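Residue numbers (this note's numbering): 19 to 435.
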């Protein structure tokens with residue numbers, strides 16, 4: 019039967035799942051509510067034969083174990099995504115350890131930094147959403163864990179979750195470490211390369227802004243080679259508040275990731291621990307029948323807007339959050355962005371508008387540090403009085419006690435450091 023998207027389901031031919039209160043013989047919740055269609059009884063012997071060949075260990079697992087799809091946006095050739103296969107393998111092991119069946123698969127993606135010009139970027143969001151929805155529904159997965167990395171990956175994953183509306187969780191691939199330029203003697207990231215291209219073309223690369231003393235004794239060509247070689251020191255998404263980090267923080271605030279996922283560096287032990295914890299979290303979602311559309315509400319999208327404004331996120335948030343809301347049938351438009359922007363102060367001294375990076379935010383307490391800083395009470399208090407900063411705590415990444423000189427729609431905060 020064709021299901022109706024207005025009922026919280028996608029527009030595809032589907033089999034009805036078992037009731038949400040279905041129980042196993044021992045009284046525990048039945049978690050394989052979708053896969054039971056093909057794994058119970060003998061109505062689909064060919065499907066069961068295929069699943070045994072693919073790795074289902076025995077009859078007990080076939081009939082009782084929930085099947086979790088693990089969709090990573092992995093491919094080589096982009097630091098944002100090149101490590102996601104390893105994260106997915108860690109998730110699969112954790113899924114198996116929790117008594118479930120994990121099925122890995124990939125979607126396609128492109129690097130925005132490589133596909134400059136955007137002719138092959140935005141459509142990847144739709145391809146990712148289509149791919150995850152297709153695999154989840156066609157394979158009768160009971161739950162879905164997605165692992166995105168680069169910009170368009172995140173909204174694509176969430177749009178797919180909103181379509182199939184089965185218990186789901188996103189693990190952000192994580193942010194990259196800062197690079198370091200020996201010629202410019204400072205930390206650098208991918209935006210340094212973009213800015214340097216203009217300076218190189220105009221003959222100002224390596225010169226100070228006032229023109230009195232050079233920033234580097236190296237030639238422009240040597241500086242460019244240095245930046246190209248060292249701006250991206252390993253795996254992870256672009257270090258500043260660009261599209262990837264903007265969307266990951268927004269999605270975390272909506273409850274579709276584990277706490278802290280958006281700021282955990284890609285190559286950190288904490289990111290691997292997050293992958294392990296995801297198995298228990300997705301099992302809890304299945305036990306309690308918590309589904310994406312339970313979380314994708316008007317209120318949660320407003321939370322996402324608050325985080326975006328407080329962090330000084332990318333304007334691409336407008337494009338993607340509205341698309342996500344539309345898929346989840348939540349009314350959201352550009353006026354909502356302006357309304358929240360008028361109220362929420364810009365707190366973060368993060369690149370590209372500031373001088374710090376996402377890994378620095380992680381070092382002072384993850385994204386949760388900011389989440390506790392944007393309540394109505396905190397904002398009202400901060401607008402009335404100024405308190406002495408605590409450099410040993412904030413280290414300039416979050417100017418929590420800075421004097422407010424404007425809101426997110428007009429200005430920023432004084433840089434205390």
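Every residue, glycine too, gets a C-beta built ideally from N, C-alpha and C.
Remember, predicted model here, so these are calculated numbers, not experimental data.
Open item on the list: Given this structure, state the Cα-to-Cα distance separating residue 260 from residue 82, to the nearest angstrom.
Closed with: 43 Å
- request: Go ahead and pull the three-state DSSP assignment for residue 315.
  value: coil
(message) What does the alpha-carbon distance come out to for the pair residue 397 and residue 277?
(response) For residue 397, the pLDDT reaches just 41, beneath the cut-off of 50, and the residue's location in the model is therefore unreliable, although a value from the coordinates is still provided. Each residue's Cα considered, the two are about 22 Å apart.
Next item on the list: State whether the segment 369-385 contacts the segment 333-346, with contact taken as three or more CB pairs (one from each stretch) at a distance under 8 Å.
Entry: no
Worksheet item: Roughly how many whole angstroms lie between the Cα atoms of residue 58 and residue 80?
Response: 8 Å
Is it buried or exposed for residue 220, if we count other Cβ within 10 angstroms and need 16 for buried? exposed
**OP:** Please determine, among 151, 37, 56 and 53, the residue with the shortest C-alpha to C-alpha distance to residue 47.
**Re:** 37
Report task. Find the nearest neighbour of residue 32 within the set 158, 73 and 380, judged by alpha-carbon distance. Result -> 158
Identified DSSP bridge partners for residue 125: Answer is none; residue 125 lacks a bridge partner.
Cβ-Cβ distance between residue 170 and residue 129 below 8 Å: no
Assigned secondary structure, residue 165 (DSSP; H/G/I helix, E/B strand, else coil)
In this structure, residue 165 counts as strand in the three-state DSSP scheme.
Suppose you measure from the CA of residue 432 to the CA of residue 160; what does that come to, to the nearest Å? Unreliable positioning characterises residue 432 in this predicted model, as indicated by a pLDDT of 31, which lies under 50. The coordinate reading is nonetheless provided below. If you take the alpha carbons of residue 432 and residue 160, they lie about 49 Å apart.
**Request:** Jot down the residue ranges of each uninterrupted alpha helix (DSSP H) in the segment 57-92, minimum 4 residues, whole runs only, in chain order.
**Result:** 63-72 and 77-82
Margin query: Bridge partners for residue 193 per DSSP, in chain order?
Written below: 255 and 283
- residue 179 in three-state terms, based on DSSP: helix
> Is residue 244 buried or exposed, if buried means 16 or more other CB atoms sit within 10 Å of its CB?
Replying inline: The residue is buried, with at least 16 neighbouring Cβ atoms inside 10 Å.
Identify whether residue 456 lies in helix, strand or coil by the three-state DSSP scheme. Nothing can be reported for residue 456: it is not among the residues displayed for the chain, which extend from 19 to 435.
Could you please give the first and the last residue of the uninterrupted beta strand (DSSP E) stretch that includes residue 170?
Element bounds for residue 170: n/a, residue is neither H nor E.
message = Taking 8 Å as the cut-off, does the segment 105-114 touch the segment 294-310 (at least 3 CB pairs, one atom from each stretch)?
response = yes
Return helix, strand or coil for residue 216, following the three-state DSSP convention. helix
TODO: Taking residue 35 as the reference, give the member of 69, 70, 74 and 84 with the closest Cα.
DONE: 84
Spatial distance of residue 135 from residue 258 (CA atoms): If you draw a straight line from the Cα of residue 135 to the Cα of residue 258, it is about 20 Å long.
Any heavy atom of the ligand ZN closer than 7 Å to the beta-carbon of residue 240?
Because no ligand of any kind appears in the structure shown, any question about the ligand ZN cannot be addressed here.
message: Considering only their Cβ atoms, is the gap separating residue 168 from residue 255 smaller than 8 Å?
response: yes
Taking the alpha-carbon positions, what's the residue 98 to residue 324 distance? Computed Cα separation, rounded: 25 Å.
* Asked: Taking contact to mean at least 3 C-beta pairs separated by less than 8 Å, is the segment 199-211 in contact with the segment 233-241?
  -> yes
Task: Cα-Cα separation between residue 163 and residue 301, rounded to whole angstroms - done: 11 Å
Along the chain, where does the alpha helix (DSSP H) containing residue 361 start, and where does it finish?
352-361
Practice item. Note down the Cα distance separating residue 250 from residue 106, rounded to an integer number of angstroms. Key: 22 Å
Alpha carbon to alpha carbon, how far is residue 92 from residue 185? 22 Å
* Return the CA-CA distance between residue 103 and residue 224, expressed in angstroms with no decimal places. => 39 Å
Discussion item. Tell me the residue span of the beta strand (DSSP E) that contains residue 188.
Written reply: 186-188
### Straight-line gap, residue 151 to residue 222 (C-alpha atoms, nearest Å)
49 Å
Outcome for residue 66 when other beta-carbon atoms lying within 10 angstroms are tallied against a minimum of 16: So residue 66 ends up on the buried side.
Worksheet item: By a C-beta neighbour count over all protein chains shown, 10 Å radius and 16 as the cutoff for buried, is residue 357 buried or exposed?
Response: exposed
Under the assumption that residue 173 contacts residue 265 (Cβ atoms under 8 Å), give the Cβ distance between them as a whole number of angstroms.
With 8 Å as the limit, residue 173 and residue 265 qualify as a contact, their Cβ atoms being about 6 Å apart.
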